[in-house]
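The structure appears right after this line, and notes come after that.
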Amino acid sequence: MTNIERLYIATLSFLIVHQIDAAYWKEWELFLLPGGIQLFDILNLAIIPFLFYGFRMVILRAPNGRRWSLITGGLGILTLLIHTGFYIAGNDRFTLPVSALIVVACGLSGIAQVALTLKRE
1 MTNIERLYIA
11 TLSFLIVHQI
21 DAAYWKEWEL
31 FLLPGGIQLF
41 DILNLAIIPF
51 LFYGFRMVIL
61 RAPNGRRWSL
71 ITGGLGILTL
81 LIHTGFYIAG
91 NDRFTLPVSA
101 LIVVACGLSG
111 IAQVALTLKR
121 E
């Protein structure tokens, strides 16, 4: 298994665990999304399979595998940036130690994944 594959698994795992945690914190309210948990679940059911497909492309070293690695790493970074913004704005969600650690792990893993993916041009 390559380092990019390991980082993809780590980032995707952190993102999925974050989404599980996000259901507890009712993250859809932060984004002002209508539909509550129902729409939240539908969005996750629509997005997560594509990220697994992306992992397959990375494993197969497909031409678009690099793009999928950048997308997934970018989502990890975006998760950290968005939640940092919410925290700075005074929002108290995702402040339990494990919740905060998961958000930070998304970002750090995403940064490492994007950096390694770009390095392998």
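Start counting the sequence shown at 1; every next residue gets the next number (the UniProt record's numbering). Don't be surprised by glycine CBs; every beta carbon is placed ideally from N, CA and C.
Asked	Found
DSSP on P34, reduced to helix/strand/coil?	coil
Run the CB neighbour count on A105, radius 10 Å, all protein chains shown included, and call it buried at 16 or more, exposed below.	buried
For I42 and I82, what's the separation of their Cα atoms in angstroms?	21 Å
From what residue to what residue does the alpha helix (DSSP H) around P97 run?	P97 to K119
Which of the three DSSP states is assigned to N91 in this structure?	coil
Can you say whether I20 is buried or exposed, counting buried as having 16 or more other CB atoms within 10 angstroms of its CB?	exposed
Here's the rule: buried if 16 or more other CB atoms are within 10 angstroms of the residue's CB, otherwise exposed. What is G36?	exposed
What is the residue span of the alpha helix (DSSP H) that N64 lies within?	Taken as a continuous stretch (DSSP letters only), N64 belongs to no alpha helix (DSSP H), as it is neither H nor E.
What does the alpha-carbon distance come out to for the pair I48 and I16?	8 Å
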